Each structure stands twice: as C-alpha cells, then as structure tokens.
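**Q** Handing you this structure, nothing more for now.
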Amino acid sequence: MTTMNRVLIGIRGVELPEQMEKILNALRALEGVQRAEQATLGQVEVEYDPYRLTVMDLIRSIREQGFLAGML
C-alpha cells in the first residue's frame with residue numbers, strides 16, 4: 002500500500018466558484034491524485050501519491066488553468 006502525501010496549496014486570483022471547480026477538476030484528473038478539495042477561499046488540499054507526482058506537478062496543473070499557486 003502506498004502512503005499518500007497531503008499538501009495545502011494557496012491560489013491567487015480565484016473569485017468565482019466556477020474557477021475553483023475548474024482547478025479542482027484539473028487536479029483530480031492527474032494520475033496519482035486521490036483527493037482534491039477546497040480548504041478555504043483561495044486554498045486547496047490535495048492528497049496525492051508521491052511516487053507518481055510532486056508538489057510542483059500539482060502547482061503546474063493549477064498554473065496551466067491561469068492562476069498563481071504556491072505551497073503554504
């Protein structure tokens with residue numbers, strides 16, 4: 002059984018629920034993401050397989066949606 006890592010990522014520029022949903026869908030589509038949920042406004046919590054993804058992979062996915070992101 003693989004141990005999952007959990008990370009909190011801050012996101013700038015999210016103003017609408019549709020924007021957050023777009024980000025969450027992009028994260029959930031990554032192979033190796035087990036869970037991605039909004040933590041608070043402008044933050045997501047992601048549970049992922051560290052053998053398949055890095056935190057930078059997650060941040061890159063958010064940036065590809067047009068938002069600034071970084072680890073908290």
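Residue 59 in this note's numbering sits at position 58 of the sequence shown, and the numbers go up by one each step.
Think of the CB as a built atom: it goes at the ideal place given N, C-alpha and C, for glycine as much as any other residue.
Since the model is a prediction, treat every value here as computed from it, not as a measurement.
From the DSSP secondary-structure annotation, give me the bridge partner or partners of L69.
**A** The sequence position of residue 69 within the sequence shown is 68, counting from 1. DSSP lists R13 as partners of L69.
**Q** Just how far apart, CA to CA, sit T41 and M21?
**A** For this step, residue 41 is matched to residue 40 along the sequence shown. For this step, residue 21 is matched to residue 20 along the sequence shown. Approximately 11 Å, taken between the alpha carbons.
**Q** So E19 is in the alpha helix (DSSP H); what residue range does that whole segment cover?
**A** Residue numbering aside, residue 19 sits at position 18 when the sequence shown is read from its first letter. From DSSP, the alpha helix (DSSP H) with E19 extends over P18 to R29.
**Q** Just the Cα atoms here: how many angstroms apart are D58 and L17?
**A** In the sequence shown, counting from the first residue as 1, residue 58 sits at position 57. In the sequence shown, counting from the first residue as 1, residue 17 sits at position 16. Answer to the nearest angstrom: the Cα atoms are 24 Å apart.
**Q** What separation, rounded to the nearest whole angstrom, lies between the Cα atoms of I12 and G67?
**A** Working through the sequence shown from its first residue, we reach residue 12 at position 11. Working through the sequence shown from its first residue, we reach residue 67 at position 66. Roughly 10 Å between the two C-alpha positions.
**Q** Using the C-alpha atoms, what's the distance from T4 back to I63?
**A** For the purposes of this step, residue 63 is taken as residue 62 along the sequence shown, with counting starting at 1. For the purposes of this step, residue 4 is taken as residue 3 along the sequence shown, with counting starting at 1. I63 and T4: Cα-Cα distance of roughly 23 Å.
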